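Structure first, commentary second.
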Amino acid sequence: MKKRTQPPALSSGYGLIDSHCHLDMETSQDDIDDIIRSAEQCRVHTIITIGIDLASSQRAVELAHTYPGVYASVGIHPHSAEEGDDAVYRQLRELAASAKVVAYGEIGLDYAKQYAPVECQRVEFSRQLELAKELELPVVIHDREAHEDTVQIIREQGSFPAGGVMHCFSGDTAFARQVLDLGLYISIPGIVTFKNALELQKVAQEIPLDRMLFETDGPFLTPAPFRGKRNRPEYLLYTAATVAELRGISIDEVAR
Numbered sequence: 003m004k005k006r007t008q009p010p011a012l013s014s015g016y017g018l019i020d021s022h023c024h025l026d027m028e029t030s031q032d033d034i035d036d037i038i039r040s041a042e043q044c045r046v047h048t049i050i051t052i053g054i055d056l057a058s059s060q061r062a063v064e065l066a067h068t069y070p071g072v073y074a075s076v077g078i079h080p081h082s083a084e085e086g087d088d089a090v091y092r093q094l095r096e097l098a099a100s101a102k103v104v105a106y107g108e109i110g111l112d113y114a115k116q117y118a119p120v121e122c123q124r125v126e127f128s129r130q131l132e133l134a135k136e137l138e139l140p141v142v143i144h145d146r147e148a149h150e151d152t153v154q155i156i157r158e159q160g161s162f163p164a165g166g167v168m169h170c171f172s173g174d175t176a177f178a179r180q181v182l183d184l185g186l187y188i189s190i191p192g193i194v195t196f197k198n199a200l201e202l203q204k205v206a207q208e209i210p211l212d213r214m215l216f217e218t219d220g221p222f223l224t225p226a227p228f229r230g231k232r233n234r235p236e237y238l239l240y241t242a243a244t245v246a247e248l249r250g251i252s253i254d255e256v257a258r
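Numbering of the sequence shown is given in my numbering, commencing with residue 3 and proceeding in unit increments.
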C-alpha cells in the first residue's frame, strides 16, 4: 500500500458514513463538537455512535438528539453481558423507540477477552437478537475469536428482515461468505490500512461493494498514518481510500 502524504478527498456530492464509533468515550463536549465539525468538513456526513451498556446507550441517544448528523445504536456488549437483566432490557427498549436509534448493538461474543462467562455471553446474545427482531432494528454484531458460535446463534434465530452488520470484520474470505449468506453487511475498520492486514485486505478486495460498510470504531483502531492517536470519523477517508486502491477504483466509487 502506498504511503499517503496528503489526506484523501471526496468529490463534491459524495460522502461517507461512519457506521460504528463511540462518541460517548470522548473526554469533553468540546472534543465532540470538534470531532463533528471536522467530520462534516471531510464529508463524513453521518456518524452512528454505538452503545455498549445501558449508560453508554443512554449517552448515545442523547448525542444523537444533539447533532443532526449523529444517530445511535443501543445494546449490551459481550464484555458487559452480566449486566443484562429484565430492568435493563426494558430501558433499552424505551431508548430504541427514539427516531434517532437506527440499530441494536453492539451485541455478540468475545472469546478473546472473556470479561463475562462464555455461557452468559451466548444467552444474552441470543436474547438481544430476539429483542432486535421484535424492535425491527438492524443488529450490530461483535465477534472476536467466536466465528462458529456467532454464526450458529444467528442461524438459530432465523431470518432478520431488518438485516445487520458484522462490525470490525476480523475473519477470512470463507467467513466473509458465511456472513454475507446470513444477509449481513461487512464493516471494514482502519485495520485494513495496516501493512500486515493481508487477510482483511483480501476480504475488502473480494466482497461486493454494496455489502460493505466502513467504520472507525473510534476512538480505537486508528488507521495509518495516525496509529497511536485517538481515532476520529474524519480518518474514515483513509480506510475508504485504501479499499479503493485495493480494488483499483476511485474513492468516489467506493463512496457511491
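Where is the CB? At the ideal position from N, CA and C, for every residue including glycine.
All figures in this text were calculated on a predicted structure; none of them were measured in a lab.
Own chain partners of residue 139 with C-beta closer than 6 Å, once the 5 adjacent residues on each side are dropped: Taken in chain order, the residues that qualify are 105, 106 and 164.
Exposure label - residue 223; buried when at least 16 CB within 10 Å: Buried.
Beta-carbon gap between residue 235 and residue 46 smaller than 9 Å: Cβ distance < 9 Å, so residue 235 and residue 46 count as in contact.
Residue 149 (DSSP reduced to helix, strand or coil): Looking at residue 149 - three-state DSSP - the assignment turns out to be helix.
Residue from 232, 149 and 245 whose Cα sits closest to the Cα of residue 29: Ranking 232, 149 and 245 by Cα distance to residue 29 puts 232 first.
Own chain partners of residue 196 with C-beta closer than 7 Å, once the 5 adjacent residues on each side are dropped: Around residue 196: 226.
Stretch-stretch touch, CB-based, cutoff 8 Å, three pairs: the stretch 115-127 with the stretch 160-179: The answer is no - the stretch 160-179 does not touch the stretch 115-127, with fewer than three Cβ pairs under 8 Å.
Residues near residue 2 in its chain [Cβ-Cβ closer than 6 Å; skip 5 each side]: There is simply no residue 2 to check, as the chain begins at 3 and stops at 258 in what is shown.
Coarse secondary structure for residue 28, derived from DSSP in three states: Residue state for residue 28 is assigned as coil, using DSSP reduced to three classes.
Classification of residue 247 by the beta-carbon crowding that lies within 10 angstroms, buried from 16 upward: Burial check for residue 247: the Cβ neighbour count within 10 Å reaches 16 or more, so the residue is buried.
Reference residue 185; option with closest CA among 175, 156 and 172: The candidate whose alpha carbon is nearest that of residue 185 is 156.
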